[in-house]
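*Asks:* This structure is in structure tokens; I'll ask about it shortly.
2 protein chains.
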Amino acid sequence: MTETTLLEQPVDAAAATLGELETPSLVLDRDRMERNIARLRGRLAKFDVSLRPHLKTAKSIDVAQRLYPEAPGPITVSTLAEAEYFASHGFSDITYAVGLAPDKAERALRLRGRGVDLKVVLDTVDQARALAAAGAALGVSPAALIEIDSDGHRGGLAPGDPAIGDVAAALRDGGVELMGVLTHAGESYGLRTPDALAEAAEGERAAAVAAAAQLRRDGHECPVVSVGSTPTAHFARNLDGVTEMRAGVYMFFDLVMHGIGVCRLDDIAVSVLATVIGRKPEKGWILIDAGWMALSRDRGTASQAVDQRYGVVCDLEGRPYPDLLVAEASQEHGILALRAGSDQPLPDLPVGARVRILPNHACATAAQHEAYNVVRGASPVVETRWPRMRGW
Amino acid sequence: MTETTLLEQPVDAAAATLGELETPSLVLDRDRMERNIARLRGRLAKFDVSLRPHLKTAKSIDVAQRLYPEAPGPITVSTLAEAEYFASHGFSDITYAVGLAPDKAERALRLRGRGVDLKVVLDTVDQARALAAAGAALGVSPAALIEIDSDGHRGGLAPGDPAIGDVAAALRDGGVELMGVLTHAGESYGLRTPDALAEAAEGERAAAVAAAAQLRRDGHECPVVSVGSTPTAHFARNLDGVTEMRAGVYMFFDLVMHGIGVCRLDDIAVSVLATVIGRKPEKGWILIDAGWMALSRDRGTASQAVDQRYGVVCDLEGRPYPDLLVAEASQEHGILALRAGSDQPLPDLPVGARVRILPNHACATAAQHEAYNVVRGASPVVETRWPRMRGW
């Protein structure tokens, strides 16, 4: 993977610490990330499943290469642009896990024509026929997974729905390889006890296994039974019948995952570096130069037991200031204030001081930035910059 | 401005209509935009003020050139990256309207060193001294506006606060040209009647004028008295003493501005093109391939009288489907559903059908995209692509 070296852009000597970077900037603590990656690998080692990391959070070949230091392995993506990007860097086993728009079938199959084992996801006969037609037009043999609905969260067919057989038949009739079934327990993001999360994981497993059994009864092979979300991946107790687990945000974690109980605050590997630009002591406010453009508008913790507003404020070494949050955000301004009811003092952060903000939702916050500024633990040294991709 | 022609990227012949673009994509209706631009110009013509459009929404030289078809004029920006971008395209009268981080002073002054009349904004003696020191180090004479707080929304000094005099003195002592005062009635976004908006505009005006008088009493010239927000710009009844108005989102408008009462739905010039990828008729859901990555997480209408969820769904010609909203959004999925309590039928939108989504907040939604696909009115023809800039 010679690309690694080429893509690692050393930061210029004049901006080699967190005290010197332009603000706002996205910071990635590589030590925390590697610990998070090792944790899930370790947990899944006791199950007979493979891990297919979802790269919609990281969108970075450098992060992907830390997931697979030896050689590229299976990955999940959320856009065809991600599939093309990771394929161009040597990844050849890719599941595009968003229901296929018929107009995207040709573009997806052009990747297969280049030797990339790209699998698409669908749940209607119309999509199956569009995929088959595109395959015939391009002379490429498509591969698909049928999306299964395990918790009413979004798309997919419920196990037992005869439409599963209809879609499978349309795939077979159209010369599409039916690889298996895929489901995602999206409702697990609303839970917060180990038992409830284990139950969500069991629901996810049971739905996928039941749908696979249904297909096998109809004579389909269905080799892949794919499940996953970061919460269920960390709390599943039984994965019998499952062949692969997908998870994405686990590499970085965030305040939503902390609120669910999947990680500690000091596991969160991404943060936004910001500078103090004003103070309103009479209101208990400190103003910073990071607003929603840098943090995103995501307020995922608003519906959790502890609302972290627009993020938890830390010092440059990544230690949270007690009760200090980004209380409000406009486009390029954030307002720091103590959590309601706090008896802590407002930290003495003068104009020009720098802080790091832990985000609600790593996927949304990282998407606001061009690159990760990579640090290790409490060291202020920015070792390298890892670019991110975006778009569709 | 030869850059215009260079930057207009004709879309390729294979993707020249809204039926053919990749989805999700950002669409800009140039007819609506030009009508919105003309409307505010017309309204302000009766006042003795100049307009300094805020380009934090558009972030596009092509849009800037529709504001100034003859020659570049005064603009406002929210980041130094915007200032550098617009300066590189010939704009030389720029106000950077976010409180200056001391570390950014040198970068800002390098633009002044290149002949760009860049004015910065500040409200503390520390910032004034940092700016003066950077000016001395670079041999460049800085120019600044003092930020005034007119409604307790964010930063700035209240009129009458003796700190205004302290900051002005620090600027004068440091050789910085004090251009005047600047305020922004951010609280106007929470209002919704013409009288309340006119009152907010009067508060904005009165605060800025009072602060300017305070400075003049101390012997400062204070030629610039700058106010503005899109709501107050459209509802101000008296601008005596004001020299310039700033507004940004008025070029595009959005559902938040519609909820405030500043525009009609069919004034909203930006939308997100999406494709139907699934249906759940038993739940009243239609799934599309645009989630929060394409729409942003902004839910600005959640606190308004009418909550538009993640956006209003329109047909390809830009006509809203009655009561159809993007009810939920995950990263790359949107769920269309009827507004709660609606007696409308769910439109018959099959897999593969295309829709356009009007966003809560144009600034946030546009920021998720690389470029505007430019159409005119109900025509499906994409005339050109206008790139957007981003970052800090």
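Just so you know, the protein sequences line up as chains A and B, in that order.
Take 31 as the starting number for the first sequence in my numbering and just add one per residue.
Take 31 as the starting number for the second sequence in my numbering and just add one per residue.
Ideal Cβ placement from N, Cα and C applies to all residues, glycine included.
Would you list, in chain order, the members of the region 149-169 of chain B that have their beta-carbon closer than 8 Å to a beta-carbon of chain A?
*Replies:* Of all residues in the region 149-169 of chain B, Asp153, Thr154, Asp156, Gln157, Ala160 have a Cβ within less than 8 Å of some Cβ in chain A.
*Asks:* Determine contact between the region 308-322 of chain A and the region 94-110 of chain A, defined as no fewer than three beta-carbon pairs at a distance below 8 Å.
*Replies:* With a cut-off of 8 Å, the region 94-110 of chain A and the region 308-322 of chain A do not count as touching, because too few Cβ pairs lie within range.
*Asks:* Out of B:Ala266, B:Asp181, B:Gly185, B:Gly195, state which residue places its alpha-carbon closest to the alpha-carbon of Asp225 (chain B).
*Replies:* For the purposes of this step, residue 225 (chain B) is taken as the residue at position 195 of the second sequence. Minimum Cα distance to Asp225 (chain B) is reached at B:Ala266.
*Asks:* Using DSSP's beta-bridge definition, name the partner residues of Leu227 (chain A).
*Replies:* Counting from one through the first sequence, the residue named residue 227 (chain A) turns up at place 197. None; Leu227 (chain A) has no bridge partner.
*Asks:* So, is the C-beta of Gln361 (chain A) closer than 7 Å to a C-beta in chain B?
*Replies:* Residue mapping note: residue 361 (chain A) aligns to position 331 of the first sequence, counting from 1. Closer than 7 Å to some Cβ of chain B, the Cβ of Gln361 (chain A) qualifies, so yes.
*Asks:* Quick one: grab the DSSP three-state call for Asp203 (chain A).
*Replies:* Position 173 of the first sequence, counted from the first residue, corresponds to residue 203 (chain A). DSSP places Asp203 (chain A) in helix when its eight states are reduced to three.
*Asks:* Where does the unbroken beta strand (DSSP E) through Arg386 (chain B) begin, and where does it stop?
*Replies:* Locating residue 386 (chain B) in the second sequence gives position 356, counting from the first residue. Run containing Arg386 (chain B): 384-388, per the beta strand (DSSP E) assignment.
*Asks:* Closest by CA to Ala370 (chain A), which one among A:Glu362, A:Asp353, A:Ala359?
*Replies:* Numbered from its first residue, the first sequence carries residue 370 (chain A) at position 340. Closest by alpha carbon: A:Asp353.
*Asks:* Between the C-alpha atoms of Val306 (chain A) and Ala158 (chain B), what's the straight-line distance to the nearest angstrom?
*Replies:* The residue labelled residue 306 (chain A) in the question sits at position 276 within the first sequence. The residue labelled residue 158 (chain B) in the question sits at position 128 within the second sequence. Their Cα atoms are separated by approximately 14 Å.
*Asks:* Does the region 138-156 of chain B come into contact with the region 232-247 of chain B, if we say contact requires no fewer than three beta-carbon pairs (one atom in each stretch) closer than 8 Å?
*Replies:* As far as the Cβ criterion goes, the region 138-156 of chain B does not touch the region 232-247 of chain B, which means the pair count is below three.
*Asks:* In the DSSP assignment, the alpha helix (DSSP H) including Trp422 (chain B) goes from what residue to what residue?
*Replies:* Counted from its first residue, the second sequence places residue 422 (chain B) at position 392. No alpha helix (DSSP H) contains Trp422 (chain B), which DSSP labels as neither H nor E.
*Asks:* Given that Arg184 (chain A) touches chain B, what residues does it touch there, using C-beta distances under 9 Å?
*Replies:* Position 154 of the first sequence, counted from the first residue, corresponds to residue 184 (chain A). Here the neighbours are Gly308, Lys310, Trp315, Leu317, Glu358, Ser360, His363, Ile365.
*Asks:* Buried or exposed for Lys76 (chain A), please, with buried defined as at least 16 other CB atoms from any protein chain shown within 10 angstroms of its CB.
*Replies:* To locate residue 76 (chain A), count along the first sequence from 1; it is residue 46. Classification of Lys76 (chain A): exposed, given that the 10 Å Cβ count is below 16.
*Asks:* At a CB-CB cut-off below 7 Å, which residues of chain A make contact with Met323 (chain B)?
*Replies:* On the second sequence, residue 323 (chain B) is found 293 positions in, with the first residue counted as 1. Per Cβ cutoff of 7 Å: Ala397.
*Asks:* When DSSP builds the beta bridges, which residues end up paired with Leu58 (chain B)?
*Replies:* Position 28 of the second sequence holds residue 58 (chain B). Paired residues: B:Val300, B:Val404.
*Asks:* Closer than 7 Å by C-beta to Ala463 (chain A): which residues in its own chain qualify, once you throw out the five before and the five after it? Chain order, please.
*Replies:* The requested residue 463 (chain A) is not part of the displayed model; chain A covers only 31 to 422.
*Asks:* For Lys89 (chain B), which three-state DSSP category applies?
*Replies:* Here the question's residue 89 (chain B) lines up with position 59 in the second sequence. It is coil, neither helix nor strand.
*Asks:* Opposite Met275 (chain B) in the DSSP bridges: which residues?
*Replies:* Here residue 275 (chain B) refers to the residue found at position 245 of the second sequence. According to DSSP, which records beta bridges pairwise, Met275 (chain B) is partnered with B:Leu81, B:Val257.
*Asks:* Does the beta-carbon of Glu251 (chain B) have 16 or more other beta-carbons within 10 angstroms, so that it is buried, or is it exposed?
*Replies:* Your numbering for residue 251 (chain B) matches position 221 in the second sequence. By the neighbour-count rule (16 or more Cβ atoms within 10 Å), Glu251 (chain B) is not buried but exposed.
*Asks:* Using 8 Å as the cut-off, can you tell me whether the region 242-262 of chain B makes contact with the region 360-374 of chain B, which would need three or more C-beta pairs spanning the two stretches below that distance?
*Replies:* Result no; under three Cβ-Cβ pairs closer than 8 Å.
*Asks:* Step through the CB atoms of chain B and report whether any lies within less than 7 Å of the CB of Ser326 (chain A).
*Replies:* For the purposes of this step, residue 326 (chain A) is taken as the residue at position 296 of the first sequence. So, interface residue.
*Asks:* Flag Ser180 (chain A) as yes if its beta-carbon sits less than 7 Å from any beta-carbon of chain B, otherwise no.
*Replies:* For the purposes of this step, residue 180 (chain A) is identified with residue 150 of the first sequence, where counting begins at 1. Closer than 7 Å: no.
*Asks:* Closest to Leu141 (chain A) by C-alpha separation, out of A:Met275, A:Ala163, A:Leu51, A:Ala111, would be which residue?
*Replies:* Numbered from 1 along the first sequence, position 111 holds the residue referred to as residue 141 (chain A). Comparing Cα positions, the closest option is A:Ala111.
*Asks:* Does DSSP put Asp123 (chain A) in a helix, in a strand, or in coil?
*Replies:* Position 93 of the first sequence, counted from the first residue, corresponds to residue 123 (chain A). Strand at Asp123 (chain A).
*Asks:* With a threshold of 7 Å between beta carbons, is Ser218 (chain A) in contact with chain B?
*Replies:* Along the first sequence, one-based indexing puts residue 218 (chain A) at 188. It does not; no Cβ of chain B falls within 7 Å.
*Asks:* Name the residue from B:Gln334, B:Tyr351, B:Met287 whose alpha carbon lies nearest to the alpha carbon of Asp378 (chain B).
*Replies:* The residue given as residue 378 (chain B) occupies position 348 in the second sequence. The candidate whose alpha carbon is nearest that of Asp378 (chain B) is B:Tyr351.
*Asks:* Comparing C-alpha positions only, which one of A:Val254, A:Lys86, A:Gly341 sits nearest to Leu303 (chain A)?
*Replies:* Taking the first residue of the first sequence as 1, we reach residue 303 (chain A) at position 273. Closest by alpha carbon: A:Gly341.
*Asks:* Could you tell me whether the region 402-410 of chain B touches the region 329-339 of chain B, using the rule of 3 or more Cβ pairs below 8 Å?
*Replies:* No, the region 402-410 of chain B does not touch the region 329-339 of chain B.
*Asks:* Taking C-beta pairs closer than 7 Å, name the residues in chain A that Asp123 (chain B) reaches, listed in chain order.
*Replies:* Within the second sequence, residue 123 (chain B) is the residue found at index 93, counting from 1. The contacting residues do not exist; Asp123 (chain B) stays about 20 Å from chain A at best.
*Asks:* Give the residues of chain B in contact with Ala230 (chain A), contact being defined as C-beta atoms less than 7 Å apart.
*Replies:* Stepping through the first sequence from its first residue, residue 230 (chain A) is reached at position 200. In chain order: nothing, as chain B lies at least about 16 Å away.
*Asks:* Does Asp92 (chain A) pass the burial test, meaning 16 or more other C-beta atoms within 10 Å, or should it be called exposed?
*Replies:* The residue you call residue 92 (chain A) lines up with position 62 of the first sequence. Under this definition Asp92 (chain A) is a buried residue.
*Asks:* Closer than 7 Å, CB to CB, is Val342 (chain B) near chain A or not?
*Replies:* Position 312 of the second sequence holds residue 342 (chain B). Cβ-Cβ to chain A under 7 Å: no for Val342 (chain B).
*Asks:* For the beta strand (DSSP E) containing Val356 (chain B), name the first residue and the last one.
*Replies:* Position 326 of the second sequence, counted from the first residue, corresponds to residue 356 (chain B). Counting along the chain, the beta strand (DSSP E) containing Val356 (chain B) begins and ends at 350-359.
*Asks:* To which residues of the same chain is Val206 (chain B) closer than 6 Å at the C-beta, ignoring the five residues directly before and after it?
*Replies:* Along the second sequence, one-based indexing puts residue 206 (chain B) at 176. The answer, listed in chain order, is Leu161, Ala162, Pro172, Ala174.
*Asks:* Taking Asp156 (chain A) and Pro54 (chain B) to be in contact with their CB atoms under 8 Å, please state how far apart those CB atoms are, rounded to whole angstroms.
*Replies:* Your numbering for residue 156 (chain A) matches position 126 in the first sequence. Your numbering for residue 54 (chain B) matches position 24 in the second sequence. About 20 Å; that fails the 8 Å criterion.
*Asks:* Which residue comes first and which comes last in the alpha helix (DSSP H) that contains Val286 (chain B)?
*Replies:* Reading the second sequence from its first residue, position 256 is the one you call residue 286 (chain B). Counting along the chain, the alpha helix (DSSP H) containing Val286 (chain B) begins and ends at 285-290.
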